[in-house]
Amino acid sequence: MKDSFSTLFYIRGSRLDKNGMTLIYLRITVNGKRSEISLQRKVRPERWDSKKGRVRGTIPSTQELNQFLDGIVSRVYQIQGEFISDGVPYTSDMILNTFQGKGNRHNTLLSIYGDHNEELSELVGREFSSGAYWIGRSMYTTCGG
Numbered sequence: 298m299k300d301s302f303s304t305l306f307y308i309r310g311s312r313l314d315k316n317g318m319t320l321i322y323l324r325i326t327v328n329g330k331r332s333e334i335s336l337q338r339k340v341r342p343e344r345w346d347s348k349k350g351r352v353r354g355t356i357p358s359t360q361e362l363n364q365f366l367d368g369i370v371s372r373v374y375q376i377q378g379e380f381i382s383d384g385v386p387y388t389s390d391m392i393l394n395t396f397q398g399k400g401n402r403h404n405t406l407l408s409i410y411g412d413h414n415e416e417l418s419e420l421v422g423r424e425f426s427s428g429a430y431w432i433g434r435s436m437y438t439t440c441g442g
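Residue numbering for the sequence shown follows the working numbering, beginning at 298 and increasing consecutively.
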């Protein structure tokens, strides 16, 4: 099944700061489920083209902001492509978390302990005895690892 996927940049014109500027938001939609974040970049509402999702104008700061937005779209599509090529089902939250640098792997105590045991197994015979490895390994499996 092919997933529906889209990106959208938008502003909330009703939320202006004291300088008359408003934040730009990114919305990612996968199969009708939305995830969105503020990009921490601001624009004057009258300069925003909602159909294009870009800032109107040709001054350097406008071109720079539009290039920034283009880069975000490229990165989001790259992330989506990586999920597809890895055969991993993805959601809008997963794409957004990856974009923000938040991993999906949760470092629970057991996963950290398991990683430690893997590193320890490589050092058996050089820096640690096999008894130290097996004691740690049995504690890990007893705890549910």
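Note that the Cβ used here is the ideal one computed from N, Cα and C, for glycine as well.
Just so it is clear, the structure is predicted and the values come from calculations on it, not from any experiment.
With a Cβ-Cβ cutoff of 8 angstroms, do residue i and residue j count as a contact?
i: Leu420; j: Ile334; result: no
i: Arg344; j: Gly354; result: yes
i: Gln377; j: Tyr387; result: yes
Buried or exposed: where does residue i fall if 16 or more other Cβ atoms within 10 Å of its Cβ makes it buried?
i: Asn363; result: buried
i: Ser382; result: exposed
i: Val385; result: exposed
i: Ser301; result: exposed
Roughly how many angstroms separate the alpha carbons of residue i and residue j, rounded to a whole number?
i: Ser332; j: Ser303; result: 11 angstroms
i: Ser358; j: Arg423; result: 58 angstroms
i: Leu366; j: Val373; result: 11 angstroms
i: Asp314; j: Pro342; result: 11 angstroms
i: Asn316; j: Ser418; result: 60 angstroms
i: Phe380; j: Met391; result: 9 angstroms
i: Val327; j: Ser389; result: 5 angstroms
i: Gly368; j: Val352; result: 14 angstroms
i: Glu416; j: Lys399; result: 24 angstroms
i: Met318; j: Lys299; result: 39 angstroms
i: Thr395; j: Ile356; result: 32 angstroms
Which partner residues does residue i have in the DSSP bridge list?
i: Gly356; result: For the record, residue 356 in the displayed sequence is Ile; it is not Gly. Paired residue(s): none; Ile356 is not in a bridge.
i: Ile325; result: Thr304, Ser332
i: Leu320; result: Lys339
i: Arg309; result: None, per the DSSP bridge assignment.
i: Arg423; result: Answer is none; Arg423 lacks a bridge partner.
i: Arg351; result: Asp346
Using C-beta distances below 8 angstroms, list every residue in its chain close to residue i, excluding the 5 sequence neighbours before and after it, in chain order.
i: Leu320; result: Ile308, Arg309, Arg312, Ser335, Leu336, Gln337, Arg338, Lys339
i: Ser347; result: Tyr307, Ile308
i: Gln397; result: Ile334
i: Val370; result: Thr304
i: Tyr322; result: Phe306, Tyr307, Ile308, Arg309, Glu333, Ile334, Ser335, Leu336
With a CB to CB cut of under 7 angstroms and the five nearest residues on each side skipped, what residues in its chain are close to residue i?
i: Leu305; result: Arg324, Gly350
i: Glu361; result: none
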